[in-house]
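For reference, the structure discussed in these notes is given below.
Numbering (this note's numbering), first residue to last: 1 to 120.
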């Protein structure tokens, strides 16, 4: 995201996008836990903790949006099921991609929220 785009951020847009992104990552983590296979079994405790944290963060975000009287986002349409990884290596690569994307999303969210905090 460019510096100009960061300057144009508005609270409703940031929170709505963050909610949608976190919901998507929650769905992907749930998929990893189901379809990861034996190659990801050692990560089961961490994936379970991550799923619980994402769920808690989504609830807190929804509460914040309610307190600020922001428009509620329409419910997400049901997404098609994700296909299982083709191999054990495919599961590991999928986990790496999902967790890397989550890291970037959270980095974007922190930057956006800190910028908005200075404006409020």
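The beta carbon of each residue, even a glycine, is placed where N, CA and C say it ideally should be.
If you follow the alpha helix (DSSP H) that residue 16 is in, where does it begin and where does it stop?
Residues 11-35.
Would you mind reading off the limits of the alpha helix (DSSP H) that contains residue 54?
44-67 is the extent of the alpha helix (DSSP H) around residue 54.
Using a 10 Å radius around the Cβ and a threshold of 16 neighbouring Cβ atoms, would you call residue 28 buried or exposed?
buried
I need the boundaries of the alpha helix (DSSP H) containing residue 129, first residue and last residue.
Here the chain comprises residues numbered 1 to 120, so residue 129 is not present and cannot be evaluated.
Report the three-state DSSP secondary structure of residue 78 (helix, strand or coil).
coil
Do the region 64-72 and the region 82-89 touch if we need at least three Cβ pairs shorter than 8 Å?
The way I'd put it, the region 64-72 doesn't touch the region 82-89; fewer than three beta-carbon pairs between them come closer than 8 Å.
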